[in-house]
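Asks:
Numbering (the working numbering), first residue to last: 1 to 231.
#1: Using the C-alpha atoms, what's the distance from residue 131 back to residue 149?
#2: Our contact map puts residue 145 next to residue 106 with C-beta atoms below 8 angstroms; I'd like the distance itself, whole angstroms only.
#3: Quick check: the Cα distance between residue 68 and residue 115, rounded to an integer number of angstroms?
#4: Taking Cβ positions, are residue 83 and residue 30 nearer each other than 7 angstroms?
#5: Grouping DSSP H, G and I as helix and E and B as strand, with all else coil, what is residue 193?
#6: Count Cβ pairs between the segment 165 to 173 and the segment 4 to 18 that sit closer than 8 angstroms; are there 3 or more?
#7: Return yes when the Cβ of residue 61 is within less than 7 angstroms of the Cβ of residue 122, no when it is not.
#8: In whole angstroms, give me the CA-to-CA distance for residue 32 and residue 157.
#9: Give the list of continuous alpha helix (DSSP H) stretches no shorter than 4 residues that lie fully inside the segment 17 to 86.
#10: Relative to the C-alpha of residue 10, which residue among 118, 159, 155, 27 is closest?
#11: Here's the rule: buried if 16 or more other CB atoms are within 10 angstroms of the residue's CB, otherwise exposed. What is residue 64?
#12: Kindly indicate which residue of 3, 103, 183 has the alpha-carbon position closest to the one of residue 41.
#13: Taking residue 186 as the reference, which of 76, 142, 135, 101 has the closest Cα?
#14: Residue 179 and residue 28 look like a contact to me (Cβ under 8 angstroms); what is the Cβ gap, rounded to whole Å?
#15: If you count every other CB in all the chains shown that lies within 10 Å of the CB of residue 108, and 16 or more means buried, which is it?
#16: Is the Cβ-Cβ distance between residue 192 and residue 71 less than 7 angstroms?
#17: Out of 177, 120, 2, 182, which one is the CA nearest neighbour of residue 56?
#18: Would you say the beta carbon of residue 22 comes nearer than 6 angstroms to a heavy atom of the ligand GTP?
#19: Rank 147, 86, 3, 4 by C-alpha distance to the C-alpha of residue 177 and give the top, closest one.
#20: Using only the alpha-carbon positions, how far apart do residue 206 and residue 5 sit?
#21: Which whole-angstrom value is the C-beta distance of residue 58 and residue 135, which I expect to be below 8 angstroms?
Next comes the structure, spelled out in structure tokens:
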């Protein structure tokens with residue numbers, strides 16, 4: 001059970017880590033058009049995204065699918081750009097309907113983000129019989145962190161539209177524009193056909209990822225040692 005909570009905590013911290021803010025930006029873009037009163041529609045939207053990234057997270061982490069990392073890193077900001085642009089088309093009184101395309105986009109984009117999560121998780125997973133438990137715990141941790149981000153965005157929306165008296169339209173345009181700008185820069189930096197730049201970036205990001213992985217592996221190792229010592 002300790003191992004379950006260990007991987008749960010790793011998943012929760014991973015999605016909320018500002019070093020990997022691309023996933024945070026996507027959740028932000030996804031939630032901007034909603035308020036606390038729209039929680040049911042938002043729940044459907046987040047569930048669609050969850051289903052998508054859960055599928056590819058499991059399939060890729062278990063080595064049934066392998067997609068080049070540079071393409072995953074590029075496609076993630078592309079999903080954010082498209083989501084931000086879709087927000088700019090929403091009118092003041094318009095909200096996504098029951099079968100709005102945004103739900104299907106959330107599901108499809110979730111598949112892409114799941115590949116990003118899996119690249120991190122594969123560096124931590126062992127090869128023992130507990131791999132399914134580790135995968136489940138990590139995924140649930142992601143959801144816990146994701147829900148905290150959603151709650152934070154809804155609170156910011158409430159403060160801006162009710163306390164600061166911004167119109168819904170102005171708020172959505174301002175925030176979506178900011179998200180779009182950041183994501184566009186990110187996509188340009190991650191353009192997969194720039195071999196020399198990607199090589200340098202890959203080396204730097206690889207070193208950073210290695211440091212994070214080593215840190216997480218140390219936590220996992222120490223936890224396993226403590227369990228053995230206190231059995």
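Glycine included, C-beta positions come from ideal geometry on N, C-alpha and C.
Replies: Taking the geometry as given:
#1: Their backbone Cα atoms lie some 27 angstroms apart in a straight line.
#2: Contact check for residue 145 and residue 106: beta-carbon distance about 17 angstroms, past the 8 angstroms limit, so the pair fails to qualify.
#3: The C-alpha of residue 68 lies about 10 angstroms from the C-alpha of residue 115.
#4: Contact flag set, yes.
#5: In the structure shown, residue 193 sits in coil (DSSP, three-state: anything other than H, G, I, E or B).
#6: With the rule of 3 Cβ pairs closer than 8 angstroms, the segment 165 to 173 does not count as touching the segment 4 to 18.
#7: In this structure, residue 61 lies closer than 7 angstroms to residue 122 by Cβ.
#8: One C-alpha to the other measures close to 7 angstroms.
#9: List check, alpha helix (DSSP H) in window: 21 to 31, 39 to 61.
#10: Of all alpha-carbon atoms in 118, 159, 155, 27, the one lying nearest the alpha-carbon of residue 10 is that of 118.
#11: Residue 64 counts as exposed, since fewer than 16 other beta carbons sit within 10 angstroms of its beta carbon.
#12: Of the candidates 3, 103, 183, the one whose C-alpha sits nearest the C-alpha of residue 41 is 103.
#13: For residue 186, the nearest C-alpha among the options comes from 76.
#14: A Cβ-Cβ distance of about 6 angstroms is found for the pair residue 179 and residue 28, placing them in contact under the 8 angstroms criterion.
#15: When all chains shown are included, residue 108 counts as exposed.
#16: Residue 192 places its beta carbon less than 7 angstroms from that of residue 71.
#17: Ranked by Cα distance from residue 56, the options 177, 120, 2, 182 are led by 120.
#18: This structure does not include the ligand GTP; it has no bound ligands of any sort.
#19: Relative to residue 177, the option among 147, 86, 3, 4 whose CA is nearest is 86.
#20: Caution is warranted here: a pLDDT of 49 is assigned to residue 206, below 50, making its placement in the model unreliable, and no coordinate value can be reported.
#21: Taking the Cβ atoms as the reference, residue 58 lies roughly 6 angstroms from residue 135, within the contact range of under 8 angstroms.
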